[in-house]
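S.K.: Supplied in structure tokens, the structure appears directly below.
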Amino acid sequence: MTTNVSPYIPNTDADRELMLAAIGVNSIDDLVLDIPQAHRFPALDLRPALSEFDLVAEIAALASKNATPGDYACFLGAGAYRHYIPSVVKSVVARGEFLTSYTPYQPEVAQGTLQVGFEFQSMICEITGMEVANAGMYDGPTAFAEGALMACRITRRQTIAVLDAVDPRNVQILDAYARHQGIQITVIGHGDALPDDAACLMFQSPDQFGAIEDMAALAEKAHSAGALAVASVNPTSLGMFRTPGECDVDIATAEGQALGVPLSFGGPYVGLFACKDAHKRQMPGRIIGRTTDTKDRVGYALTLQTREQHIRRERATSNICTSTALIGLLMTTYLAVIGRSGFKKVAELCYHKAHYASARIDQLPGYAVKSGGPFFHEFMVECPLPPAEINRALLGKKIIGGHDMSDRSLNGMLICVTEVNTRAEIDALVAALGEIARPRQ
Amino acid sequence: MNAPYPGEIDRRLLNERSVSGRIGLQLQELDVPEQALPEPGLLRTDEARLPEVSQQEVVRYFTTLSTMNFSIDANFYPLGSCTMKYNPKVNEEMAFLPGMAGIHPHQPDETVQGALQLIWELQRDLGEITGLPGVCLGPLAGAQGEYSGLMIARAYFEERGDIGRIVALMPDSAHGTNPASASMAGLEVVTLPSDSEGNVDVEALKALADERTCVFMLTLPSTLGLFEPNILEITNIIHEAGGLVYADGANLNALLGIVKLGDLGFDIAHSNLHKTFSTPHGGGGPGAGPVLVSETLAPFLPTPVVSRDGHTYRLDAPDKSVGRVNGFHGSFGVLVRAYAYVRAIGAEGMREVSENAIINANYIRTALSDEFGIAADRACMHECVFSPQAQKAKGATALDISKRLIDYGIHPPTMYFPLIVPEALMVEPTETETKDTLDRFIAVMRQINKEISSDPDLLHDAPHDTPNTRLDEASAARKPYLRWQPEQNLTASD
Ligand SMILES: Cc1ncc(COP(=O)(O)O)c(C=O)c1O
């Protein structure tokens, strides 16, 4: 008798024999006769299977080849942020009942996922000041792009105006999403007028250089041209700064990663998507609604599904199907545990530490902080040397430096400081930057 | 306990449990001097009404919610087209290693060589398994993989100046994301009827394939769980017409080590790692939907892909890349899990997966097709679709049967999909279930079939023991109630 190679397959040769007999065939070969014979059972050139012990050793070895923030002080942001993740969050997300369930198409056996989703939507409304939110998008940049497509549907206009302070990466993703829909993308400056037929003005706060935008003025500018205001915001900043809701933004999006989600080399993350109530039927993605059951008890179910691909097919508001429910659970648990006061305090810790760091760096000979105005926890520094060179030197001192922005600003580096960066780390960064700038003999 | 709703479980939302002054976490003190605040006009004036609850309340709340879910860890979950297989626990541990979960996407390549190597190896392995060597792991789910693949097709024809190719052909059994992705890609969707056996109607395809055809999108095995017997002729018809053939690889669980998509003439495919490659579905994501293409199309892949020089790995933009479809490098945490899966089972394990998935599905098909009616009466691949029209005539719909299964602790099959099968119940047992579990499922289905005659209300009122009975989805859509509101009336009847 042969045993399975895969530890994840239970049936034995004896089981299979009984089953094949019940099916009325002699072997598996009789079940795959529709497959062209010449191509059946190809050899696969894969490395041999590993025991669990060897598997763990191999992956741990790969992990050890990475320089891990935590072992290194890290000052990177630019779309992904390092924050403390409370232990409770990790414990909740590990529960198999959440982890190993499917999209809640059968609401009676998915009330856990559905009620969490309703909490998630409610919390997004609270932190952004917006009226309604959906149950999550793939990530922040795709949510931002889908926001623009939604604005085109609502206004029946085909031009998207994007402020030039938006991260070019977000514009690239927007381009990929809008390319084949006859939509024109125009990048404009703060002083430029919107094109006449603009569906929306897209902006980001803080902007790509860390500066807080005047979202109310931008929303007003959009509205006076008959366009919608579509914003991408940093969710942590909303513990201190004005919300898109307060600024009369029509569609607000965010990268939710900062709220309890591991950096994980860029994903999986969760896109937050909120809008004014009037537009809810144009939203992309899953939406969870509260309702009652046949015994008049409160329960939750997916709703407004006629917008979606499985019903509306080629006329759906989006092609999104599987999204990011579990990452939404991480965020919901995070906000529950840090709570009303913690949400403000995390923002304040980030703000004060980042401003402490920027003031000290600005005093260093050769360095100049170049923020275009007030900032939250990220700021631009003009360095005396190319940032790549500085970062290489910092690595030797167990510091992962800021994001290299030299492609858009001379010797520019975007430095991010959050509540996890201790004063000792900040002081070590400042000292190291000072040393690196000094001309070597 | 002061439960506002009848029933045993306290369903109050977090904000309905909130008590001013409670905290769930002690945050660290500020360790630098306080800095000047920005001008007040920039600051938030209202307060985010987040809950104020203790740490134990958070844990108990979410733990209680979790018990209201069915899951693969606790239940048989034969949800067709979704491949709800066992999600290995070691994969979770690997994804949460600090050297994986803790690294920042903007770190310089030289500081993330382990992560880049993992991506490179998985690109190579998926290319080998599918016979489509150009791989980008970036797309965040199947639908984004589809869209990426269609952008590649469009870019390819555009480069050749063949700009009249604006039609996406697809069978009427296609999943909803196929037409939705095609229209996002600016393509006109033309639907092809299936023949009486559930196969692509080859004559109809010949008539439709022409110089306007950009792609033919085909799910293989089909959403009826069938392998397309004329597949070589089909890919040939499309190629002769100058078009490309796209494989929706959501059903790849039937094909591992059984046949390679590339060998059959497919040019583009996507694969759902959250199905075939055992990564958990998380109650609706995150997933990963890598896009896989032939060598010719590889220069068009999305950015980034990982390439290798000697022993050094780097993030790369393919020459004629269609661009970026999401923020960073894909669902890396999901890729770690899929990598662990591939390494744990190897080539032999791959073939075992599909063979066992096929045997399990056929075992169920043979046992139940007499009683429940089957969409196509021939050997299936990894799933089969029942069509209980006789039961419907007796007053028990596919929905009723599904809901009654819940009473027996079994998650319902996929219902009413594919759209071409009346009362469709799509059953995908997967390879990770024991014969015992399948036997119990079969016995339960037969029992339910008896109940339709003996006590039909058992079906109509099902499920009985869940925290909620059937929900009023119509009124949920008519009067959407989408968020907690402080003034909300806590009684259910408002
Ligand atoms: C056949 C088929 N195609 C495409 C998809 C879409 O994949 P995803 O949900 O990952 O976007 C699915 C799954 O839902 C599917 O079953």
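Residue numbers (the numbering used here), protein chains in the order written: chain F, 2 to 442; chain L, 3 to 496. C-beta atoms are modelled at their ideal positions from N, C-alpha and C, and glycine is treated no differently.
If you measure from the CB of Thr298(L), is any heavy atom of ligand 3 nearer than 8 angstroms?
M.R.: Although ligand 3 was asked about, the structure shown includes only ligand 1 as ligands.
S.K.: Would His404(F) and Ala259(F) qualify as a contact pair, given that the criterion is a beta-carbon distance under 9 angstroms?
M.R.: no
S.K.: If we count the other Cβ atoms within 10 Å of its Cβ and call it buried at 16 or more, is Gly343(F) buried or exposed?
M.R.: buried
S.K.: Check distances from the C-beta atoms of the region 96-122 of chain F to those of chain L and list, in chain order, the residues that come in under 7 angstroms.
M.R.: Arg96, Gly97, Glu98, Phe99, Leu100, Thr101, Ser102, Tyr103, Thr104, Pro105, Gln107, Pro108, Glu109, Val110, Ala111, Gln112, Gly113, Thr114, Gln116, Val117, Glu120, Gln122
S.K.: I'd like to know if Ser73(L) contacts chain F, where contact means its C-beta is closer than 9 angstroms to some C-beta of that chain.
M.R.: yes
S.K.: I want to check one thing, is the minimum distance from the CB of Asn180(L) to the heavy atoms of ligand 1 below 8 angstroms?
M.R.: yes
S.K.: Compute the minimum distance between the beta carbon of Lys277(L) and the heavy atoms of ligand 1, and state whether it is under 8 angstroms.
M.R.: The closest heavy atom of ligand 1 lies less than 8 angstroms from the beta carbon of Lys277(L).
S.K.: So what does DSSP say about Thr419(F), is it helix, strand or coil?
M.R.: In the three-state reduction of the DSSP assignment, Thr419(F) falls in the coil class, being assigned neither a helical nor a strand state.
S.K.: Counting only beta-carbon atoms, is Arg313(F) nearer than 9 angstroms to chain L?
M.R.: yes
S.K.: By a C-beta neighbour count over all protein chains shown, 10 Å radius and 16 as the cutoff for buried, is Arg46(L) buried or exposed?
M.R.: buried
S.K.: What are the boundary residues of the beta strand (DSSP E) that Pro173(L) is part of?
M.R.: First-last of the beta strand (DSSP E) with Pro173(L): 169-173.
S.K.: Please look up how many angstroms separate the CB atoms of Glu238(F) and Phe377(F), rounded, as I've assumed it's under 8 angstroms.
M.R.: In the sequence on display, residue 238(F) carries Ser and not Glu. Sure, about 4 angstroms apart at Cβ, within 8 angstroms.
S.K.: I need the boundaries of the beta strand (DSSP E) containing Val382(F), first residue and last residue.
M.R.: 379-383
S.K.: For the alpha helix (DSSP H) holding Cys216(L), just list the boundary residues, first then last.
M.R.: Counting along the chain, Cys216(L) falls outside any alpha helix (DSSP H), though it belongs to the beta strand (DSSP E) covering 215-221.
S.K.: What residues are listed by DSSP as bridge partners for Glu256(F)?
M.R.: Gly272(F)
S.K.: Near Asp212(L), what residues of its chain come up, given a Cβ to Cβ distance below 7 angstroms and the 5 sequence neighbours on each side ignored?
M.R.: Ala243
S.K.: Drop a sphere of 10 angstroms on the beta-carbon of Asp278(F), count the other beta-carbons inside from all chains shown, and report buried for 16 or more, exposed for fewer.
M.R.: A residue is called buried when at least 16 other Cβ atoms come within 10 angstroms of its Cβ; Asp278(F) does not meet this threshold and is exposed.
S.K.: What does the alpha-carbon distance come out to for the pair Asn491(L) and Leu327(F)?
M.R.: Per-residue confidence for Asn491(L) stands at a pLDDT of 47, beneath the threshold of 50, marking its modelled position as unreliable; the derived number appears in the next sentence. Distance between the alpha carbons of Asn491(L) and Leu327(F): 29 angstroms.
S.K.: Would you kindly report the start and end of the unbroken beta strand (DSSP E) that includes Ser359(F)?
M.R.: No beta strand (DSSP E) holds Ser359(F); the alpha helix (DSSP H) holding it covers 326-363.
S.K.: Alpha carbon to alpha carbon, how far is Ala217(F) from Gln364(F)? Give it in angstroms, no decimals.
M.R.: 33 angstroms
S.K.: Identify the continuous beta strand (DSSP E) that holds Glu31(L) and give its terminal residues.
M.R.: Segment: none, Glu31(L) is in no beta strand (DSSP E) and carries neither H nor E.
S.K.: So what does DSSP say about Gln487(L), is it helix, strand or coil?
M.R.: coil
S.K.: If you count every other CB in all the chains shown that lies within 10 Å of the CB of Pro482(L), and 16 or more means buried, which is it?
M.R.: buried
S.K.: Leu280(L) CB to nearest chain F CB: under 9 angstroms?
M.R.: According to the sequence provided, residue 280(L) is Ser. The question's Leu does not apply to it. Ser280(L) counts as touching chain F.
S.K.: What residues match up with Tyr248(L) in a beta bridge as DSSP calls it?
M.R.: Met219(L), Ile270(L)
S.K.: Residues of chain L with CB closer than 9 angstroms to the CB of Glu53(F), please, in chain order.
M.R.: Pro90, Val92, Ala346
S.K.: Please state whether the Cβ-Cβ distance between Pro107(L) and Leu264(F) is less than 9 angstroms.
M.R.: yes
S.K.: Gln146(L) touches chain F at which residues, Cβ-Cβ below 9 angstroms?
M.R.: In chain order: Tyr139, Thr143, Asn320, Ile321.
S.K.: Cβ of Gln107(F) within 8 angstroms of any heavy atom in ligand 1?
M.R.: no
S.K.: Could you check whether Thr323(F) and Gly151(L) sit closer than 9 angstroms to each other, using their CB atoms as the reference points?
M.R.: no
S.K.: Helix, strand or coil: how does DSSP classify Met241(F) here?
M.R.: In the structure shown, Met241(F) sits in coil (DSSP, three-state: anything other than H, G, I, E or B).
S.K.: Report the three-state DSSP secondary structure of Asn4(L) (helix, strand or coil).
M.R.: For Asn4(L), the pLDDT reaches just 41, beneath the cut-off of 50, and the residue's location in the model is therefore unreliable, although a value from the coordinates is still provided. It is coil, neither helix nor strand.
S.K.: Can you determine whether any heavy atom of ligand 1 sits closer than 8 angstroms to the C-beta of Asp250(L), and answer yes or no?
M.R.: yes
S.K.: Exposed or buried, Thr104(F), counting other C-beta atoms within 10 Å across all chains shown (16 or more means buried)?
M.R.: buried
S.K.: Three or more C-beta pairs under 8 angstroms: does that hold for the region 293-304 of chain F against the region 140-150 of chain L?
M.R.: no
S.K.: List the whole-angstrom C-beta distance separating Val338(L) from Cys138(L), where the pair is believed to meet the contact cut-off of C-beta under 8 angstroms.
M.R.: Val338(L) to Cys138(L), Cβ: 17 angstroms. No contact.
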